[in-house]
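What follows is a short report on a single structure.
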Amino acid sequence: LGLSFHSTTVFNMLKRLDKIRFRGQRTDVFLDLGDSPNTSDTECSEEILMKPRPSLEMKDTEELQDPAGPGTLTMPAAAIQDYQRAETDRLNDLKGHLEIALLEKHFLQEELRKLREETNIDTLKQELEKERSKRLDLEQKLNLEKETMYSWLQAWLYNRFGAYIGDFRFQPEENTVEPEEPLSAKRLTENMRRLKRGAKPVINFKRNLFALSSWQSVYTSAFAFIIYMNAAWHGWAIPMFIFLAILRLSLNYLISRGWRIQWSIVPGVSEPVEPPKEDLTVSEKFQLVLDVAQKAQNLFGKMADVLEKIKNLFMWVHPELTQKLYVGLWVALICSCLIPYKLMGFMIGLYAGIKFFIIDFMFRSCPKLRDKYDTPHIIWTSLPTDPQLKGATLSRRVRTALPCGISLEEQTGRAYNTKKGAFHEVFNLSGDERPLAVCENGWRCCLINRDRKSPTDYIRNGVLFVTENYLCFESSSCRSNSSKKNKVIKLIDITDIQKYKVLSVLPGSGMGISIATPSTQKPLVFGAMIHRDEAFDAIFTQYMKKVTMTTATNPET
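If you're matching positions, the sequence shown starts at 1323 in my numbering and goes up one per residue.
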């Protein structure tokens, strides 16, 4: 009975495992238990025999013991046999379970082997390696294409916009010092000629505007006035100026192409062109440098006057004049806020046309009217320059320092000769004789009297003055109480006056003035004068004025 029960239990377990495990064709034939590996059975039997259940034995032993005292068995021998039989059955069941597990392991190993044979893992591994290598190749190609595309795009952008992008790079500013050219007479003359040629178009444009405003050509000025006023009335003043600029550029283009187009309101005056001299002497070069330096001096002086007047206008140096500009700006601001721009432009255009063609013409024709009512002209001519401000400040200080009862003229007459007394006392003249304003401090020079043979009398150093009636030379070697070496010449007595060059070997036109009088056999020479031209102009102007007055008073003389 026990064996049949054991076999039935094993058979049911195998069926249950077959239902769970097998996926393919179901087989009802199972391997015999004897076909299972002997080693497994041996190992299983040994394990079962080596591992008894101590807890169960102890429990059963305790149940079999007599509660009255140890070592006494109360149960009969039949019960003991049944107990042993039950333990044997339990051992058989465990052995069956172990055999089932071994069978399951065997079947799983067989199934794994079949799966390995069916799937062919090596082939799959090879295919997987091939696919992996293909993927790596594709990735490399894609990276190369990306790099090629990026490099091409970068090169295209750099070639297309590289020059513009480079302009926006921040770089420290380099302070480069331009080398200065050495002083050269040829270079200086050429620069002055270049300046003259460059300023010629501006000067011609200014002359044409002046000719239009002065109505030198009545028909041209009338035509321009009608055209401008019509354009300003219809609001076309700005387009008209733009059109004139385009027309001027078009004419310049045709002229540059060889067309002979010359139109000007003012008739052109051909200036003589001096051919450049190749070989110049030392004196000619020096004189050329002096002429150019004089022109540059005058030009820079005019530019400095304009800039100083503008600066003094805005710096409130002359408050009355700046106040007019200040009020005018406030009026312009209020008008620009209240009046529409179109109407304001119309008013400005009409006023500009009337001012340019009519009002300026009247002011030029009537100077007294201009001095009274031409506000811009009055402001500009009244603005002082810095030298004028310095002179005004000095004269103010002198007036402040004057003692009571002495006029400025008297003090000025005394101030020229502080070493030897008053001016009229030094030269034995009347009290109203004083140096002109142009020679307040005199011109330092040396008097060369060629009638005298003595070296001390031949050349004398001193200062030259010119008054309304006399030409006075004060010798620096003169004693304080004597005026024998001073020279006084009446302007009326002068028979000839001209510029003079003492030494012909020196470059330039000389630094002396020759004056002939009836009392001298040879003309007196005032040499070594730094400001020779200024002194000559002042003396000659006063001389001509005196001669004119004398001739008008006494025609016979």
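Even glycine gets a Cβ: it sits at the ideal position worked out from N, Cα and C.
- Contact between the region 1554-1561 and the region 1698-1705 is absent: fewer than three C-beta pairs spanning the two stretches fall below 8 Å.
- When DSSP states are grouped into helix, strand and coil, Cys1768 belongs to the strand group.
- Three or more pairs of CB atoms, one per stretch, sit closer than 8 Å, so the region 1832-1849 contacts the region 1809-1821.
- In terms of Cβ geometry, Ala1850 and Met1871 do not form a close pair [threshold 7 Å].
- Distance from the CA atom of Lys1617 to the CA atom of Leu1655, rounded to whole angstroms, is 42 Å.
- A distance below 6 Å between beta-carbons, with the five flanking residues on each side excluded, links Leu1569 to no residue of its chain.
- Counting of Cβ neighbours within 10 angstroms places Ile1680 among the exposed residues, the total staying below 16.
- Assigned with DSSP and collapsed to three states, Glu1796 falls in strand.
- Secondary structure in the region 1506-1545: the alpha helix (DSSP H) runs of 4 residues or longer, each lying completely within the stretch, are 1507-1536 in chain order.
- CA-CA distance, Lys1456 to Lys1468, rounds to 18 Å.
- Separation of Lys1633 and Thr1842 (C-alpha to C-alpha, rounded to the nearest whole angstrom) is 53 Å.
- The C-beta distance from Lys1809 to Asn1791 rounds to 15 Å, too long to meet the 8 Å contact threshold.
- Gln1493: not part of any beta strand (DSSP E); DSSP gives it neither H nor E.
- Closest in alpha carbon position to Leu1758, among Tyr1865, Phe1492, Lys1417 and Thr1445, is Tyr1865.
- Gly1650 counts as exposed, since fewer than 16 other beta carbons sit within 10 angstroms of its beta carbon.
- A straight-line Cα-Cα distance of about 10 Å links Leu1475 and Arg1482.
- Considered as a whole, the region 1669-1711 harbours 1682-1687, 1689-1695 and 1697-1704 as its complete alpha helix (DSSP H) runs of no fewer than 4 residues, in chain order.
- Burial check for Pro1561: the Cβ neighbour count within 10 Å stays below 16, so the residue is exposed.
- Val1614 and Leu1621 have their C-alpha atoms some 11 Å from each other.
- Note on geometry: alpha-carbon atoms of Lys1677 and Val1869 lie some 44 Å from one another.
- When secondary structure is reduced to three states using DSSP, Asp1411 falls in the helix class.
- Considering only Lys1631, Asn1442, Leu1672 and Asp1627, the residue with the shortest C-alpha distance to Ile1548 is Leu1672.
- Burial check for Glu1500: the Cβ neighbour count within 10 Å stays below 16, so the residue is exposed.
- Here Pro1845 is buried: its Cβ has 16 or more other Cβ atoms, across all protein chains shown, within 10 Å.
- The criterion of a C-beta distance shorter than 7 Å is not satisfied by Leu1573 and Ile1564.
- Taking C-beta atoms as the reference points, Val1760 and Ala1860 count as a pair closer than 7 Å.
- Per DSSP, the beta-bridge partners of Arg1782 are Leu1769.
- Secondary structure of Leu1825 (DSSP, three-state): coil.
- Closest in alpha carbon position to Met1637, among Leu1576, Leu1460, Thr1707 and Phe1668, is Thr1707.
- Tyr1780 and Gly1764 have their C-alpha atoms spaced approximately 21 Å apart.
- Under the three-state reduction of DSSP output, Phe1565 falls in the helix class.
- When rounded, the separation of the alpha-carbon atoms in Pro1662 and Leu1531 is 30 Å.
- Here Glu1503 is exposed. Its C-beta has fewer than 16 other C-beta atoms within 10 Å.
- Straight-line spacing of the CA atoms in Ser1539 and Pro1689 works out to 21 Å.
- In the DSSP assignment, Ile1835 falls within the unbroken beta strand (DSSP E) covering Gly1834 to Ala1838.
- Around the C-beta of Leu1705, 16 or more other C-beta atoms lie within 10 Å, and the residue is accordingly described as buried.
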